[in-house]
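Below: the structure, in structure tokens.
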Amino acid sequence: MAAAVVLLSACSAEEETVQKLNSGVLTENMDRAIKPGDDFFAYVNGAWLDSYVIADDKASFGNFYMLFEKSQAAVKTIIEQSAQRENVEGSNEQKVGDLYNSYLDMDKRNEVGTAPLTAIFAEVDALADHKALGAYFARSIRSGFGAPFDFYIDGDATDPTRYAVYNSQSGLGLPDREYYLKEDEKSVDIRVKYLAHVEKMLTLAGLENAAQQAAAIMALETSLATVHWKKEDNRDAVKTYNVRDRVALAKMMPDFDWEGYFAVFGTPEIADMVIAQPSYFEALNGIITGTDMAVWKIYFKWMALNRMDSFMNAELDQQNFEFYSKTLRGILKQRPLWKRAVSTVNSNLGEVIGKVYVAQHFQPEAKVRMLELVANLSKAYENSIRKLDWMGEDTKVKALEKLGKFTPKVGYPDIWKDYSALVIKGDDLFGNIVRSNQVVHDREVAKLGGPIQRYEWHMNPQTVNAYYNPSMNEIVFPAAILQPPFFGMSTDDAVNYGAIGGVIGHEIGHGFDDQGSAYDGDGALKDWWTEQDKAEFKKRTGSLVAQYNGFKVFDDLNVNGEYTLGENIGDLGGLSIAIKAYRLSLGGKPGPVIDGLTADQRIFIGWAQAFMGKRREEAARQQIATDPHSPARFRVNGVVRNIPEFYQAFDVKPGDKLYLAPEKRVKIW
11 MAAAVVLLSA CSAEEETVQK LNSGVLTENM DRAIKPGDDF FAYVNGAWLD
61 SYVIADDKAS FGNFYMLFEK SQAAVKTIIE QSAQRENVEG SNEQKVGDLY
111 NSYLDMDKRN EVGTAPLTAI FAEVDALADH KALGAYFARS IRSGFGAPFD
161 FYIDGDATDP TRYAVYNSQS GLGLPDREYY LKEDEKSVDI RVKYLAHVEK
211 MLTLAGLENA AQQAAAIMAL ETSLATVHWK KEDNRDAVKT YNVRDRVALA
261 KMMPDFDWEG YFAVFGTPEI ADMVIAQPSY FEALNGIITG TDMAVWKIYF
311 KWMALNRMDS FMNAELDQQN FEFYSKTLRG ILKQRPLWKR AVSTVNSNLG
361 EVIGKVYVAQ HFQPEAKVRM LELVANLSKA YENSIRKLDW MGEDTKVKAL
411 EKLGKFTPKV GYPDIWKDYS ALVIKGDDLF GNIVRSNQVV HDREVAKLGG
461 PIQRYEWHMN PQTVNAYYNP SMNEIVFPAA ILQPPFFGMS TDDAVNYGAI
511 GGVIGHEIGH GFDDQGSAYD GDGALKDWWT EQDKAEFKKR TGSLVAQYNG
561 FKVFDDLNVN GEYTLGENIG DLGGLSIAIK AYRLSLGGKP GPVIDGLTAD
611 QRIFIGWAQA FMGKRREEAA RQQIATDPHS PARFRVNGVV RNIPEFYQAF
661 DVKPGDKLYL APEKRVKIW
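Under this note's numbering, the sequence shown has 351 at position 341, and the numbering climbs by one with no breaks.
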């Protein structure tokens with residue numbers, strides 16, 4: 011479950027949340043004139059949706075974003091405490107303060123201008139031939155500039171006791187291949203504006219023949235996009251796991267200098283790697299040799315410029331905003347400089363900040379309570395799996411075995427990342443970011459040949475989010491999400507179960523979605539399903555795909571049910587199991603009626619108000635193109651209409667817009 015990170019400029023919404031801790035229901039946001047069975051999302055959030063106007067510096071806003079803003083304010087205070095005092099050189103405090111100050115110092119950034127690009131451009135210009143691209147791909151990846159494919163380290167999907175090297179398609183300046191290939195009016199318009207943006211950026215960077223060079227970049231990126239796999243295909247964990255040894259790599263890309271590539275990373279001993287999209291890499295070989303070196307040179311200059319423009323002078327920074335934020339997401343003005351600086355420190359020194367954040371803002375008893383909720387959700391999943399009428403006993407045994415091996419992580423990591431290798435200078439923002447990218451890359455490469463670091467977290471404690479990691483079979487809940495309206499120590503349990511309980515259930519559910527179900531309890535990519543049960547699972551998930559495909563976001567755009575399937579399975583299973591877990595917690599007793607709302611009603615309201623939010627049209631279109639989560643309205647309405655308890659709780663009947671006949675309702679877990 012990923013929350014889009016968007017900002018809030020006022021604090022009144024946070025104050026309202028605190029005032030409602032007795033029931034946890036934000037009644038002031040509800041629109042009771044709307045029938046719950048017609049549009050439950052609007053019934054719960056309608057008054058807020060009608061009155062709230064998205065601020066000019068935001069693409070979207072809602073409860074996730076309120077918590078993000080609260081977290082950001084806390085992080086700002088932590089950072090400024092370091093930035094405003096003398097610190098020991100090389101200490102974490104010095105690094106935090108100097109990185110923050112180097113971002114804020116726009117006078118220095120303007121004075122330096124594009125000078126940091128000079129050495130990079132010279133290195134690119136020195137590339138003699140196509141063979142030299144192998145080593146340069148690696149150098150560009152290590153510095154964070156990117157290349158036509160990504161390199162990363164992760165647990166080996168078939169042997170989770172070891173790390174493996176993964177390579178996956180990349181190299182586009184637009185968010186997804188469809189931006190290059192679709193011929194509708196909006197897509198064509200975005201391409202025209204992107205081309206103009208590239209030309210403008212090249213001009214600002216002092217490069218000649220900018221129009222011609224921009225056209226060459228666009229042509230190369232389009233050729234890459236043409237052979238990119240579709241995002242739906244990239245969801246298939248089996249299809250994207252393709253081990254190739256050094257001989258096979260040479261056959262796949264005979265004109266690519268793999269030896270030079272590995273040498274840069276200091277990993278010449280690598281025997282094999284995982285290739286996510288074999289057909290892309292095969293096609294890339296021809297694109298590499300079929301593209302003139304002059305084009306590759308301008309492409310790699312563009313890659314460096316495009317990744318680093320936000321860390322350079324104000325002119326480049328603003329132009330980046332004009333296209334990527336204003337054109338693509340509809341944001342009208344830049345966030346304040348300090349907010350961008352906070353985000354940069356969070357991204358590069360996140361666990362340094364996180365350690366202080368936890369000490370100042372996380373209650374130990376919240377972790378205890380969360381672990382109790384996780385245990386209840388797990389027990390409810392166990393009971394539900396045992397009672398499934400569509401799954402055979404052999405598969406149930408494996409499913410229960412996997413459930414029993416889930417590892418919950420709550421609040422913060424037990425072992426914090428080491429930043430001692432990172433050099434941060436108060437007057438060198440560009441260099442700080444490049445060095446940070448290199449340190450992170452080297453830290454990842456150093457994992458090869460060593461034991462799996464099961465203590466590692468992939469989110470900072472101050473992140474308003476949660477995740478499931480299939481290769482570790484773990485569910486992770488950072489400290490910052492454990493606040494109202496998701497979770498409150500003195501909030502009514504029904505709302506807690508509907509909100510954070512639904513989140514817990516969602517993350518557990520990822521272990522059994524279309525991707526997670528391909529992994530066993532040890533995190534290995536292993537088929538543990540009988541053919542009959544697998545066919546029934548696909549039948550049920552196919553019905554869910556069809557439902558979501560029918561949800562219209564705009565007149566010309568629907569939800570992509572296939573791409574969002576995993577998240578929709580997580581949502582449906584998460585809330586369904588949260589209801590069962592809440593009833594388990596009652597021990598057979600009825601839940602209380604509070605503020606005229608039954609316990610079951612409050613569970614559903616807790617779920618719906620957690621996703622309260624709205625987006626600009628441009629941001630909503632980008633979400634459909636790039637985000638595997640359905641829009642908030644459909645994360646709510648698309649789920650509740652499939653759950654029998656919803657019909658009972660709100661007296662939903664035939665003729666109501668959300669009504670589904672019992673045989674049309676999807677039940678998976």
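Quick reminder that beta carbons are idealized off the backbone N, C-alpha and C, glycines included.
Strand pairing of residue i, partner residues [DSSP]
{"i": "Pro664", "result": "Asp666"}
{"i": "Asp537", "result": "Bridge partners of Asp537: none, in fact."}
{"i": "Val693", "result": "The chain is shown only over 11 to 679; residue 693 falls outside these bounds and no answer can be derived."}
{"i": "Ser640", "result": "None; Ser640 has no bridge partner."}
{"i": "Tyr529", "result": "Leu535"}
{"i": "Phe564", "result": "Leu567"}
{"i": "Phe71", "result": "Lys624"}
{"i": "Asn470", "result": "BP columns for Asn470 are empty, so no partner."}
{"i": "Val420", "result": "Phe487"}
{"i": "Asp169", "result": "Asp166"}
Length of the line joining the Cα atoms of residue i and residue j
{"i": "Met313", "j": "Asp160", "result": "13 Å"}
{"i": "Asp267", "j": "Phe275", "result": "13 Å"}
{"i": "Trp538", "j": "Thr551", "result": "18 Å"}
{"i": "Arg396", "j": "Gly508", "result": "23 Å"}
{"i": "Leu230", "j": "Ala528", "result": "35 Å"}
{"i": "Tyr176", "j": "Ala286", "result": "7 Å"}
{"i": "Leu31", "j": "Tyr592", "result": "Note that Leu31 scores 39 on pLDDT, short of 50, meaning its location in the model is unreliable; the coordinates nonetheless yield the value given after this. Approximately 18 Å, taken between the alpha carbons."}
{"i": "Leu234", "j": "Leu294", "result": "7 Å"}
{"i": "Leu607", "j": "Asn39", "result": "15 Å"}
{"i": "Gly498", "j": "Ala84", "result": "18 Å"}
{"i": "Thr299", "j": "His140", "result": "7 Å"}
{"i": "Thr405", "j": "Asp543", "result": "7 Å"}
{"i": "Val284", "j": "Pro480", "result": "17 Å"}
{"i": "Lys377", "j": "Lys536", "result": "32 Å"}
{"i": "His207", "j": "Pro672", "result": "52 Å"}
{"i": "Asp424", "j": "Val366", "result": "14 Å"}
{"i": "Asn578", "j": "Val650", "result": "11 Å"}
{"i": "Gly512", "j": "Leu212", "result": "47 Å"}
Coil, strand or helix - residue i by DSSP
{"i": "Met313", "result": "helix"}
{"i": "Pro488", "result": "strand"}
{"i": "Leu31", "result": "Confidence in Leu31 is poor, its pLDDT being 39 and thus under 50, which makes the residue's placement unreliable; the coordinate value appears in the next sentence. Reduced to three states, the DSSP call for Leu31 is coil."}
{"i": "Val676", "result": "coil"}
{"i": "Val187", "result": "Per the sequence presented here, residue 187 reads as Arg, with Val not at that position. Three-state DSSP puts Arg187 in coil, outside helix and strand."}
{"i": "Arg626", "result": "coil"}
{"i": "Leu432", "result": "coil"}
{"i": "Tyr477", "result": "strand"}
{"i": "Thr128", "result": "helix"}
{"i": "Ile341", "result": "coil"}
{"i": "Leu607", "result": "strand"}
{"i": "Tyr162", "result": "strand"}
{"i": "Gly414", "result": "helix"}
Buried or exposed (CB count within 10 angstroms, at least 16 for buried), residue i
{"i": "Glu517", "result": "buried"}
{"i": "Gln557", "result": "buried"}
{"i": "Ser153", "result": "buried"}
{"i": "Tyr422", "result": "buried"}
{"i": "Gln525", "result": "buried"}
{"i": "Glu403", "result": "exposed"}
{"i": "Ala6", "result": "In the structure displayed, the chain extends from 11 to 679; residue 6 sits before or after that span and is not available."}
{"i": "Tyr465", "result": "exposed"}
{"i": "Phe522", "result": "buried"}
{"i": "Gln373", "result": "exposed"}
{"i": "Asp428", "result": "exposed"}
Any non-hydrogen atom of the ligand NAP within 8 Å of residue i CB
{"i": "Gly598", "result": "Here there are no bound small molecules, and the ligand NAP is not part of this structure."}
Inter-stretch contact (C-beta, 8 Å, three-pair minimum) for the stretch 211–226 and the stretch 162–170:
With a cut-off of 8 Å, the stretch 162–170 and the stretch 211–226 do not count as touching, because too few Cβ pairs lie within range.
Tell me, please, whether the stretch 656–664 touches the stretch 568–582 by the rule of three or more beta-carbon pairs shorter than 8 Å.
No: fewer than three Cβ pairs fall under 8 Å.
Cβ pair count under 8 Å reaching 3, the stretch 183–201 against the stretch 283–299
Under the three-pair Cβ rule at 8 Å, the stretch 183–201 does not count as touching the stretch 283–299.
The stretch 348–364 touching the stretch 109–122, judged by at least three CB pairs closer than 8 Å:
Yes, the stretch 348–364 is in contact with the stretch 109–122.
Check whether the stretch 249–262 and the stretch 438–447 are in contact - that is, three or more C-beta pairs closer than 8 Å.
Result no; under three Cβ-Cβ pairs closer than 8 Å.
Can we say the stretch 625–634 touches the stretch 62–75, given the rule of at least three CB pairs closer than 8 Å?
Verdict: yes, contact present.
Does the pairing of the stretch 443–462 with the stretch 46–53 give three or more beta-carbon distances under 8 Å?
No, the stretch 443–462 is not in contact with the stretch 46–53.
Is it the case that the stretch 460–478 contacts the stretch 131–140, given that we only count it when at least three CB pairs across the two stretches are under 8 Å?
Touching, no.
Count the CB pairs spanning the stretch 53–70 and the stretch 336–350 that are closer than 8 Å, and state whether there are at least three.
Verdict: yes, contact present.
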